[in-house]
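Here is the structure we will look at, set down as structure tokens.
Number of protein chains: 2
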Amino acid sequence: MHSEFELITRFFTPDPPGAEAGVTLGVGDDCTLLAPTPGQRLAVSVDTSVAGIHFPVDAPAVAVGHRALAVSLSDLAAMGAHGRWCLMSLTLPAADDEAWLADFARGFHALCDAAGTALVGGDVTRGELAIGVTVMGEVPPEQALTRSGARPGDLLVVTGALGGGAGGLALWQRGERDTDHPLLQRYLHPLPRLEAGLALRGLASAAIDVSDGLLADLDHLLDASGVGAELTLDSLPLAEGLVAALGEEEAQQAGLNGGDDYELLLGLPPEHLDKARDRLAALGLALTVIGRFSDESGVQGVTATGERGWQHFAGGGAP
Amino acid sequence: MHSEFELITRFFTPDPPGAEAGVTLGVGDDCTLLAPTPGQRLAVSVDTSVAGIHFPVDAPAVAVGHRALAVSLSDLAAMGAHGRWCLMSLTLPAADDEAWLADFARGFHALCDAAGTALVGGDVTRGELAIGVTVMGEVPPEQALTRSGARPGDLLVVTGALGGGAGGLALWQRGERDTDHPLLQRYLHPLPRLEAGLALRGLASAAIDVSDGLLADLDHLLDASGVGAELTLDSLPLAEGLVAALGEEEAQQAGLNGGDDYELLLGLPPEHLDKARDRLAALGLALTVIGRFSDESGVQGVTATGERGWQHFAGGGAP
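Chains as they are written, first to last, in full-length UniProt numbering: chain E, 1 to 319; chain P, 1 to 319.
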């Protein structure tokens, strides 16, 4: 049995403390002291992941650690911000499990390292397993990607592939435990699109991350921008293996309404498409045009041949 | 039944959003954008309050909201930082209780207003009641009050009064429900000593907030500063009504080991005592000398006449 202090020290203190960029006083005092970059905006967000709600209670600890940070960093990606620092509130059940905690810390730290984001503080309390992660990033003023900048005529584009998060969760619930399966990878180890967000600064007109599902997050983008959109249903870039795993119909639903993909959904003036694609290709990431913003309200589903299908309004649920 | 989004909007969105100082993009996008003050250090900390562990499950909602923020702001106070912004992770049981939530929000916002600290983000999840609060403050470099600056010969001083938090909790557990009782006030509505922290910049050599109890937090100060201390037992400024409520012996124990006081415990070079007292008097706050830092390790308890009593070492528990 370890005290909270020992837990924190053992698994979450960098070595040496305070050695990270921009940290002028590291973990171990009442606060951590940071040196924000002059002239930048500080982008902040917090997300809490609760066992049994946001991830299966039997998910691998390394994935729980990774995902808890990934979902918060995804918000920074959607602002076009660099991930700089994070703080973690860890609520642990009374029964200590050092092996679990070591794996959890490993997943968390690995993503910190990959994202260049330093863990600069946190606390540990007892209770149902939950992880709250506050992230702090930086972005120059005027370069932040907000939700409100999409204009009629802008292309509706999405990074990477859709439906993989929902597909992976469905497989997990059916008992699939091969964590190398591409869909399980997508669900358990989503990659926040930080580099893509940076690359699309100055090109995209608006951005949001796809955490709740394409249609749900598109609604937020449309609300904030005061526009509507046409969505080309046949163009959705479905995750590799999704149709094989779920069948065509369920795969399409996962692409439209599945959560946990953490791709970026953006508005893009057509003249920026080639440059945007080139920049993302350099990151090994696809950028797919899935529709166009319009001045009609709501979302109009159209087929590849231009036929109009269902219509979706905010709060109206899935087609 | 409200969606998370409605809950957040209804109780936690400022009106108008983003109207607070230093907020260039308010709640409602993927991140909030803040404009840190050039040349200042950003002081950050997070504390999570869990029902049944950090406060009684039947504590008044207004007090739960107040305390959740107060305990985090207290960390900024102990750094000599201004409280500027905060984010809240609220985990709520499945059963909505709008009256409870309204009171909770009222307690939280009232302290935000009093402390000049803006709520700039948050999330709401379902689970056992818990509130994680990340605070961000600012302090000029070189003026931060750290734990590591105490030197032998410095006075050991404490703001306000001790034992009131533990006394109030004891009364609550005995069934006292008059929330105007001074000790219940101390426990349910602790006041983070932000103004005192600012006033003692440039005077104090070290600081920590008393959250776990005087001796426990003194240990942290001594460890970080690499010094010891003599503690004058008769000099502890016990909270008003504490002896009457608990009896002399239990009151003394509450002063030494009781948590939840959120006073500042500081090192102070003797030549700064008068100025420090004057500044705190202007805030209506007492500053009491309760001992002196030394180059012997551990804590030596002495009586007012200089007699040496018990000795306490870090991790050694109460005298």
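We treat Cβ as the ideally placed atom computed from N, Cα and C, and that holds for glycine. Source: prediction; values computed, not measured.
At a cut-off of 7 Å between beta carbons, L34/P contacts chain E. Straight through space, the alpha carbons of P141/P and V62/E are spaced by roughly 37 Å.
D75/P places its beta carbon 7 Å or farther from that of C112/E. Taking a beta-carbon distance threshold of 7 Å, D123/P counts as an interface residue toward chain E. Residue state for L156/E is assigned as strand, using DSSP reduced to three classes. From the listed residues G241/P, A254/P, E230/P and A251/P, the smallest Cα separation to T303/P is found for E230/P. Annotation: V302/E is outside any alpha helix (DSSP H); the continuous beta strand (DSSP E) that includes it extends over V299 to V302. Residue environment: G164/P is assigned as buried (16 or more neighbouring CB atoms within 10 Å of its CB, all protein chains considered).
DSSP lists T32/E and M136/P as the beta-bridge partner residues of V44/P. Nearest CB-CB separation between T37/P and chain E: not below the 7 Å threshold.
Of all residues in the region 78-112 of chain P, only A78, M79, A81, W85, L87, M88, S89, L90 and T91 place a beta-carbon less than 9 Å from a beta-carbon of chain E. Below the 8 Å Cβ cutoff, chain P contributes T91, T125, R126 and G127 as neighbours of V50/E, in chain order. Taken atom to atom, the span from the alpha-carbon of G167/E to that of A59/E is near 15 Å. Under DSSP, W85/P shares a beta bridge with A118/P and M136/P. Chain-order list of chain P residues neighbouring T146/E: L25, D29, D30 and L33, by C-beta distance under 9 Å. Taking 7 Å as the threshold, the shortest C-beta distance from R41/E to chain P falls below it. With respect to the C-alpha of L273/E, the residue from A115/E, D223/E, D261/E and A199/E having the closest C-alpha is A199/E. Chain P places no beta carbon closer than 7 Å to that of V71/E, leaving this residue out of the contacts. Of all residues in the region 205-216 of chain E, only A207, I208 and D209 come within less than 9 Å of chain P when Cβ atoms are compared, listed by chain position. Under the DSSP assignment, G291/E falls in the beta strand (DSSP E) whose first and last residues are L287 to S294. Linking R277/P to P38/E through their CA atoms gives a straight-line distance of about 36 Å. Residue state for G228/P is assigned as strand, using DSSP reduced to three classes. Proximity of G160/P to chain E, defined by a Cβ-Cβ separation below 7 Å, is not satisfied.
Beta-bridge partners of R126/E (DSSP): L92/E. Scanning chain E for C-beta atoms nearer than 8 Å to the C-beta of S45/P yields D30, C31, T32, L87 and G121, reported in chain order.
In the three-state DSSP reduction, V57/E falls in the coil class, being neither helix nor strand. With a threshold of 7 Å between beta carbons, T117/P makes no contact with chain E. Residues of chain P with a Cβ closer than 7 Å to the Cβ of D75/E are, in chain order, D30 and C31. Straight-line spacing of the CA atoms in G298/E and L246/E works out to 28 Å. Within the same chain, and ignoring the five residues on either side of V57/P in sequence, the residues whose Cβ sits closer than 6 Å to its Cβ are A51.
Taking a cut-off of 8 Å on C-beta distances, the region 211-231 of chain P does not touch the region 79-95 of chain P, as fewer than three cross pairs fall below it. A direct Cα-to-Cα measurement between L73/P and L285/P gives close to 18 Å. At a cut-off of 7 Å between C-beta atoms, G132/E counts as an interface residue with respect to chain P. Residue pairing by DSSP places G267/E opposite L156/E and A206/E in a beta bridge. Scanning chain E for C-beta atoms nearer than 9 Å to the C-beta of I290/P yields nothing, as the closest lies near 19 Å away.
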